[in-house]
Amino acid sequence: MSEIECKKLIIGYNGTPLCEPIDLIVEQGQYLFIIGENGSGKSSFIKTLTGLLPRIDGQITYSIPHQRLGYVSQKHQVYTDFPATSFEVIQSGGLYKLKKSPFYKKEDKKAVRELMASLKISHLAEKSFHHLSGGQKQRVLIARALMTTDRLLILDEPINGLDPTTRREVYDMLKELHQKGITIIMVSHDHEAAYQYGTHILTFESGKYRHMVNENLIEDEKEVVTCRSN
13 MSEIECKKLI IGYNGTPLCE PIDLIVEQGQ YLFIIGENGS GKSSFIKTLT GLLPRIDGQI
73 TYSIPHQRLG YVSQKHQVYT DFPATSFEVI QSGGLYKLKK SPFYKKEDKK AVRELMASLK
133 ISHLAEKSFH HLSGGQKQRV LIARALMTTD RLLILDEPIN GLDPTTRREV YDMLKELHQK
193 GITIIMVSHD HEAAYQYGTH ILTFESGKYR HMVNENLIED EKEVVTCRSN
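Residue numbers for the sequence shown follow this note's numbering, beginning at 13 and rising by one.
As structure tokens, then:
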């Protein structure tokens with residue numbers, strides 16, 4: 013079952029394409045790493061998938077409603093103006109459940125507590141998000157995204173700026189989530205991690221895109237998909 017399918021997708025800015033039409037399928041249960049140099053198009057592709065950047069042409073089909081995508085952006089653009097606790101930040105991931113009601117229900121708060129316990133971050137519940145370390149913020153934001161979805165996580169460089177130990181902790185968390193069946197799409201500069209954890213790898217380089225199976229983890233051979241920028 014495909015989680016996301018791109019058909020003749022053209023990405024770019026102000027009507028100017030960055031590449032030829034992209035045909036790509038992300039199947040349920042995949043761990044797709046997107047790697048490449050700065051400015052190669054990694055984040056543009058992610059932003060197009062999440063709807064932050066309008067596509068120029070083509071189709072993107074999702075297995076779940078678009079608003080149910082779990083997305084963690086490259087920057088911590090959340091609750092910087094007031095001292096929200098980690099619990100409140102995570103809870104905000106379930107805003108779509110409120111509909112007409114302005115209040116969270118007991119079961120919503122219970123779900124947050126259970127999620128934090130499963131991710132081993134219960135000790136951060138009452139701490140101000142603003143004062144957390146970089147690694148702690150990333151774990152909280154991943155938890156927030158999981159309040160939105162239990163199917164598909166999209167992350168834009170979640171380990172950027174973290175020290176090696178903290179990077180390992182974030183990777184371990186994501187590995188456990190993937191083992192539980194969550195599909196992960198992740199932009200990263202960490203090529204070593206891509207081949208250690210990713211089931212599939214999408215490489216952006218010199219205007220070309222290469223989609224491949226990580227044969228270290230999966231033996232089945234897949235078709236390689238490439239496209240060139242104009």
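Built from N, CA and C at the ideal position, the CB exists for glycine as well.
How would you label S98, buried or exposed, when you count the other beta carbons within 10 angstroms and need 16 or more for buried? For the purposes of this step, residue 98 is taken as residue 86 along the sequence shown, with counting starting at 1. It counts as buried.
Secondary structure at P176, three-state DSSP: helix, strand or coil? Within the sequence shown, residue 176 is the residue found at index 164, counting from 1. Correct three-state label for P176: helix.
Extract the residue ranges of the alpha helix (DSSP H) inside the region 74-161, only unbroken runs of 4 or more that lie entirely within it. You should have 98-103, 118-130 and 146-160.
Proximity to G173 [Cα-Cα], best of K149, M185, L164 and K118: Counting from one through the sequence shown, the residue named residue 173 turns up at place 161. Ranking K149, M185, L164 and K118 by Cα distance to G173 puts K149 first.
Sorted by chain position, which residues of the same chain lie with C-beta nearer than 6 Å to E69's C-beta, five sequence neighbours on each side aside? Position 57 of the sequence shown, counting from 1, holds the residue named residue 69. Correcting the residue type first, residue 69 is Asp in the shown sequence and not Glu. So the list reads I22, once near-sequence residues are dropped.
Once the 5 residues before and after H24 are set aside, which same chain residues still bring their CB inside 6 Å of it? Indexing the sequence shown from 1 puts residue 24 at position 12. Reading the sequence as shown, one finds Gly at residue 24 and not His. For G24, where only same-chain residues beyond five positions count, the Cβ hits under 6 Å are L30 and I68.
Would DSSP call T60 helix, strand or coil? By one-based count along the sequence shown, residue 60 stands at place 48. Look at T60 here: in three-state DSSP terms it is helix.
Check each candidate in S85, I58 and G82 and name the one with the smallest Cα separation from I72. Looking up residue 72 in the sequence shown gives position 60. Nearest option by C-alpha distance: I58.
Can you tell which of T215, A205 and G27 has its C-alpha closest to the C-alpha of N228? One-based indexing of the sequence shown puts residue 228 at position 216. Cα-wise, what sits closest to N228 is A205.
To the nearest whole angstrom, what separates the beta carbons of I154 and D202, a pair I think is in contact under 8 Å? Looking up residue 154 in the sequence shown gives position 142. Looking up residue 202 in the sequence shown gives position 190. Their Cβ separation, rounded to whole angstroms, is 16 Å, which puts I154 and D202 out of contact at 8 Å.
L189, DSSP secondary structure in three states: The count along the sequence shown starts at 1 and reaches residue 189 at position 177. L189: helix per DSSP, three-state reduction.
I'd like to know whether the C-beta atoms of R163 and I194 end up nearer to each other than 8 Å. In the sequence shown, the residue the question calls residue 163 occupies position 151. In the sequence shown, the residue the question calls residue 194 occupies position 182. Yes, the Cβ-Cβ distance between R163 and I194 is below 8 Å.
Terminal residues of the continuous beta strand (DSSP E) containing E204? Counting from 1 along the sequence shown, the entry for residue 204 is found at position 192. That residue, E204, is in no beta strand (DSSP E); its alpha helix (DSSP H) goes H203 to Y209.
What's the C-alpha gap between M19 and L61? The residue given as residue 19 occupies position 7 in the sequence shown. The residue given as residue 61 occupies position 49 in the sequence shown. Reading off the sequence, residue 19 comes out as Lys, not Met. A straight line joining the alpha-carbon of K19 with that of L61 spans about 12 Å.
Residue closest to I76, alpha-carbon to alpha-carbon, out of S52, V124, L189 and L165: The residue you call residue 76 lines up with position 64 of the sequence shown. Checking every option, the nearest Cα to that of I76 belongs to L165.
Would D168 be called buried (16 or more neighbouring beta carbons within 10 Å of its own) or exposed? Residue 168 sits at position 156 when you count from the first residue of the sequence shown. D168 comes out buried.
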